[in-house]
Structure formats: structure tokens, C-alpha cells
Amino acid sequence: MLKDYEFWFVVGSQFLYGPEVLKTVAERAQEMADILNASGNLPCKLVYKATIKTNQEVNDVVREANYDEHCAGIITWCHTFSPSKMWINGFVDLQKPYCHFATQYNRSIPNEEIDMDFMNLNQAAHGDREHGFIAARLRMPRKVIAGYWQDEDVQKRIGSWMRSAVGVMFSRTLKVMRFGDNMREVAVTEGDKVETQIKLGWQVNTWPVGTLVENMNAVTEEEIDELMAVYQSEYEMATDDIETVRYQAREEIAMKKMLDAEGCRAFSNTFQDLYGMKQLPGIASQHLMALGYGYGGEGDWKVAAMTAILKAMSEGQTGGTAFMEDYTYNLEPDATYSLGAHMLEVCPSLAAEKPRIEVHPLGIGDREAPARLVFEGHEGPAIVVSLIDMGGRLRLIVQDIEAVKPILPMPNLPVARVMWKAMPDLTTGVECWIAAGGAHHTVLSYDVTAEQMKDWARMMDIEFIHISKDSTPEKIEEQLFLNDLAWKLK
298 MLKDYEFWFV VGSQFLYGPE VLKTVAERAQ EMADILNASG NLPCKLVYKA TIKTNQEVND
358 VVREANYDEH CAGIITWCHT FSPSKMWING FVDLQKPYCH FATQYNRSIP NEEIDMDFMN
418 LNQAAHGDRE HGFIAARLRM PRKVIAGYWQ DEDVQKRIGS WMRSAVGVMF SRTLKVMRFG
478 DNMREVAVTE GDKVETQIKL GWQVNTWPVG TLVENMNAVT EEEIDELMAV YQSEYEMATD
538 DIETVRYQAR EEIAMKKMLD AEGCRAFSNT FQDLYGMKQL PGIASQHLMA LGYGYGGEGD
598 WKVAAMTAIL KAMSEGQTGG TAFMEDYTYN LEPDATYSLG AHMLEVCPSL AAEKPRIEVH
658 PLGIGDREAP ARLVFEGHEG PAIVVSLIDM GGRLRLIVQD IEAVKPILPM PNLPVARVMW
718 KAMPDLTTGV ECWIAAGGAH HTVLSYDVTA EQMKDWARMM DIEFIHISKD STPEKIEEQL
778 FLNDLAWKLK
């Protein structure tokens with residue numbers, strides 16, 4: 298999917314400097330785009346689009362970008378001085394993510410060569426400040442990246458922002474299929490679907506479980522055989538109850554057909570609505586997540602959509618992204634950890650070793666024992682993400698964590714699980730999370746960063762809260778208070 302998108306490199310200048318300077322600007326802009334593309338640090342193609350010299354040229358390129366389904370954003374830079382009034386009309390109409398790249402063609406000042414001709418051509422320090430003012434004056438959501446364009450860290454920052462912008466594009470066309478409704482009496486999984494579609498673009502609708510059952514009944518044994526071969530190649534078959542696993546394959550095939558037919562990239566279900574089904578989908582949901590679909594348990598359509606978005610943003614990376622739930626804590630003074638899991642549905646992209654297919658009673662849902670993938674998550678830095686509806690606005694909460702090898706074997710817990718240290722520490726992190734209203738369902742990702750989620754939230758114009766190593770309950774409460782004031786004025 299990332300390769301389906303491109304970003305337009307739009308360079309600012311003016312006619313004042315003459316045709317030779319403008320020719321040089323265009324040549325250098327194309328050279329910079331070519332070298333950035335060849336660096337391997339950008340997940341999407343950067344296309345040099347134009348050197349802007351007039352109000353009309355800005356309007357034209359913005360209009361074209363808005364309606365080009367492959368353009369995921371605009372990156373601007375002012376090689377020379379570009380009077381910013383000419384950008385106003387275009388910026389007002391811009392509907393795509395925007396990054397201001399503050400750089401310059403030359404790394405250093407050439408002591409022997411610098412003269413007024415050099416100064417007239419190389420005015421990025423001058424031009425980017427003028428350009429930055431108008432975006433600040435317009436209160437534009439934007440990313441400012443400063444640094445030399447051939448430095449790897451700068452290129453990687455641009456690449457990281459591109460992933461966030463692709464997440465915006467993905468979000469604006471995302472469809473979520475709900476099999477049944479939310480779990481009864483649960484508050485945080487509710488939300489305003491109309492407002493969410495207005496703000497984020499998601500189309501969230503319900504399909505009857507009975508329709509899913511009809512599709513399951515239409516699945517052939519040959520189709521199940523094919524998917525079973527995939528299961529056996531990717532996972533360890535640690536059960537003799539093959540018929541139960543085959544039933545999960547039947548569920549997965551039927552769900553995937555329905556999702557694909559409707560163009561949905563995320564889905565939710567609930568153990569309280571399994572009418573006509575023998576098992577709650579376990580490995581069926583897990584393997585669909587491994588294929589890139591988002592999932593939310595207990596009817597949680599918000600976390601289903603966010604799982605799909607983070608998977609889209611992290612395409613090509615290998616750390617893993619999954620639906621997650623905080624289950625229980627280890628509160629020993631010298632070993633404070635969270636244990637994340639779910640009844641069944643954690644994506645195997647997180648697994649430290651080859652997942653095992655096992656069959657165990659669920660103890661909830663009043664159905665047969667389902668097959669599921671059992672594994673431990675791998676170690677490493679990660680984030681957990683929660684999107685909540687605050688009534689009138691959406692709040693995105695991100696917490697930094699450090700996943701660890703589980704300190705206990707837990708031989709009688711037949712679920713996929715991840716154990717982690719919460720930042721800044723377990724109890725402080727819990728206090729901050731609860732103060733912010735964070736849900737029990739999250740998306741855990743080893744690939745997506747808090748900065749990328751902040752960029753995504755800024756582009757989508759929603760509230761953002763980050764719980765990090767430096768957070769305290771007092772700081773979070775102050776930020777929440779100020780955010781409440783700011784958002785009430787919006």
C-alpha cells in the first residue's frame with residue numbers, strides 16, 4: 298500500500314532572481330528528490346512537482362494534489378526567498394498532509410566562492426522563515442523538519458512523517474465491519490460514529506451475524522484445506538482437534554470474503570452475539586490481523602480501526618502491531634509489570650517464536666472451545682495507543698512501554714501475551730492513563746512511534762496525550778485541563 302502513494306516536492310521562489318536562477322533551482326530540486334528517493338530512507342516516492350513563483354501556481358498545484366488519489370501530502374522548501382502572501386490561497390484550500398522541510402542545497406558556506414550571486418541563489422534561511430510565518434499565521438497543521446537533506450537522520454524523519462501521512466490517507470477511506478453490536482454496558486467502546494466519520498473518515502457499519510453464518514455455510518472443504526495448509530506452514534499444530542481448527546478456518550474465510558466484498562479493512566465482534574456460530578473466532582481473527590486487517594474485541598470499532606491504521610503506517614516493518622488489552626499487573630516492588638493479552642485475539646506479528654495452535658475452553662461466550670494461537674511477545678521498545686470519544690472531540694492517548702520476556706512461564710494461561718514495563722513506571726503510568734481516560738483496549742506496536750502518532754493526530758486535528766518517561770500525574774492533569782480549555786474554544 299505504501300508504494301501506491303507519492304509525496305510532492307514543491308519548491309518556493311520568485312521571478313526577481315531571473316531565469317538562470319530559476320533554472321538552477323528546478324535542477325537542484327529534481328536532484329534532491331532523486332537522491333532522497335535513492336537513499337532507501339523514504340517509504341514512498343518523492344516527486345519534484347514545481348517551483349512556485351505566483352499565487353496561481355500555488356493554487357494549481359494544491360488543487361491538483363487535493364484531487365490526486367496517489368498524492369499523500371506536500372513537502373515544501375524555499376530554495377530562495379518566496380514571498381508568502383502568494384501561498385495563502387493555496388494553503389487555505391490544502392486538504393493533504395503538509396511538511397515544511399527547512400534545508401539548504403549546500404551543506405556549508407563556501408568561504409572563497411561566496412558572493413552576492415551565491416547569496417541571491419541560496420536564501421533558504423531567509424525563505425523558509427517567511428514561508429513558516431504564513432503557515433503559523435494560518436494555524437496550519439504541519440510538520441517542520443530542519444536539517445541537511447543528505448543526512449540520514451533527516452531523511453529518516455521525513456520517511457517517518459510520510460508513514461503518518463499515509464495513515465491519514467488510509468483513515469479517510471477506512472471502512473469498518475461490525476459483526477453485531479458492542480458488549481453490553483461497556484462505556485469506552487461506545488462513540489459517535491457520525492462525528493468520527495466527519496473527523497477521521499471512517500465508515501463504521503453493522504452486518505448481521507446471521508449473514509456471516511450464511512457465508513460460513515457456503516465455504517467449501519477445498520477452501521478450508523488451502524487455509525489449513527497455510528496454518529500448518531506458519532504455525533505449530535499443537536492440538537489433535539483438527540476439526541476445531543478447521544472450523545476457525547471456515548470462520549476466517551467467510552469473514553475475509555465479506556470484508557473484501559465491502560472494501561472493509563477492519564472488523565469487530567463480541568462474544569455476546571454468536572448466534573448460529575459454534576466458536577468465537579480465535580485463530581480466524583488472529584490470522585486476519587496478520588494479513589493486515591484491524592480487529593477490535595467486544596464490538597470495539599475504534600480500536601479495530603486504529604489497529605488497521607497502525608498496520609498501514611508500519612507496512613514493511615517487522616516488529617509487529619496488534620490489538621491488545623491490559624489484563625493484570627505484577628506489583629512486586631522490584632518487578633512491576635503489566636501483562637497484556639486477550640481471550641483469543643492477539644496478532645501473531647508480535648510473537649517471539651513460532652506460535653502454537655491450541656484448543657482450550659474459553660469460559661465465556663457459551664460456545665465450544667475455540668482454537669487460538671498461543672505465544673509470548675518479543676522484547677523491545679513499543680507503544681500502546683488508545684482512541685477515546687470525549688463527547689464533542691476525540692482524544693488519542695499514547696504511552697511508551699518496554700516489552701520484556703515474561704518473568705513467569707504461566708503454563709496454565711493458554712493465550713497470546715506480552716509483558717511490559719510501562720513508562721515512566723507502572724503505578725505512575727496507570728495513574729496518568731486513568732486520568733486521561735485511556736481504554737482497556739489498545740493497539741500495541743513495536744514499529745509505530747509516539748512521534749508518528751502525534752503527527753497523525755495533528756493532521757487529523759484531534760487531541761493528543763503522550764505518557765512518557767518524563768510524565769507525572771500532575772503534568773498530565775495540567776495538560777488535560779489546558780486541553781479542555783483549548784478544545785472548548787475550537
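Numbering (our numbering) for the sequence shown: 298 to 787.
Note that CB positions come from ideal geometry on N, CA and C, so glycine has one too.
CA nearest to the CA of residue i, picked from the options
| i | options | result |
| --- | --- | --- |
| C644 | C729, A605, G660 | A605 |
| Y302 | V463, K382, Q353 | V463 |
| I764 | R755, E748, D758, L636 | E748 |
| H367 | Y528, M555, M459 | M459 |
| M716 | T348, I680, L691 | I680 |
| F778 | E760, Q452, Y624 | E760 |
| V358 | E492, W305, T725 | W305 |
| E520 | V501, R543, W504, S530 | R543 |
| G589 | G596, A601, V483 | A601 |
| L299 | G456, D412, G315 | G456 |
| A732 | T769, A558, M707 | T769 |
| E699 | V712, K766, D663, T486 | K766 |
| Y634 | E665, L705, S379 | L705 |
| D448 | L333, T567, I661 | L333 |
| D722 | M329, V501, D631, L343 | D631 |
| M720 | G734, N627, M707, D697 | D697 |
| V527 | T567, A587, D450, C396 | A587 |
| A558 | N566, T508, A535 | T508 |
The alpha helix (DSSP H) enclosing residue i, as first and last residue numbers
| i | result |
| --- | --- |
| Y402 | First-last for Y402: undefined, no H or E at that position. |
| E622 | Looking at the DSSP string, E622 is not in any alpha helix (DSSP H); the run it does join, the beta strand (DSSP E), is 618–629. |
| I431 | 421–434 |
| E665 | Where E665 is concerned, there is no enclosing alpha helix (DSSP H), given that its DSSP letter is neither H nor E. |
| E642 | Unbroken run through E642: none, as it is neither H nor E. |
| A605 | 598–610 |
| E748 | 747–757 |
Three-state secondary structure (DSSP) of residue i
| i | result |
| --- | --- |
| T373 | strand |
| R690 | coil |
| S565 | strand |
| A700 | strand |
| A649 | coil |
| R714 | strand |
| W504 | strand |
| G498 | coil |
| F388 | helix |
| R543 | helix |
| M534 | strand |
| P316 | helix |
| A632 | strand |
| A347 | strand |
| F378 | coil |
| F304 | strand |
| K342 | strand |
| Y395 | strand |
Test item: CB-CB of residue i and residue j under 9 angstroms
| i | j | result |
| --- | --- | --- |
| M437 | L391 | yes |
| L659 | L636 | no |
| K393 | I431 | no |
| T541 | P652 | no |
| A551 | W598 | no |
| G674 | L607 | no |
| L585 | E549 | yes |
| E595 | T486 | yes |
| V377 | G309 | A small fix is needed here, since residue 377 is Thr in this sequence, not Val. It is a contact, given that the beta carbons lie within the stated cut-off. |
Closer than 8 angstroms: residue i CB and nearest the ligand GTP heavy atom
| i | result |
| --- | --- |
| E533 | This structure simply doesn't include the ligand GTP, nor any ligand for that matter. |
Spatial distance of residue i from residue j (CA atoms)
| i | j | result |
| --- | --- | --- |
| C341 | G488 | 33 angstroms |
| D478 | L577 | 15 angstroms |
| K553 | E354 | 45 angstroms |
| I371 | D331 | 16 angstroms |
| Q776 | L786 | 15 angstroms |
| M555 | A736 | 28 angstroms |
| L710 | Q583 | 17 angstroms |
| G579 | L471 | 23 angstroms |
| E728 | W499 | 31 angstroms |
| V322 | K440 | 23 angstroms |
| V695 | W730 | 9 angstroms |
| M757 | Y364 | 18 angstroms |
| L670 | L693 | 29 angstroms |
Bounding residues of the beta strand (DSSP E) (the contiguous stretch that carries residue i)
| i | result |
| --- | --- |
| L584 | The question names Leu, yet the displayed sequence has His at residue 584. Careful: H584 lies outside any beta strand (DSSP E), inside the alpha helix (DSSP H) at 580–587. |
| E449 | Careful: E449 lies outside any beta strand (DSSP E), inside the alpha helix (DSSP H) at 449–469. |
| K472 | 472–476 |
| F778 | Not the beta strand (DSSP E): F778 falls in the alpha helix (DSSP H), residues 770–786. |
| L741 | 738–742 |
| I442 | 440–443 |
| E760 | 760–764 |
| Y364 | Where Y364 is concerned, there is no enclosing beta strand (DSSP E), although the alpha helix (DSSP H) it sits in stretches over 352–364. |
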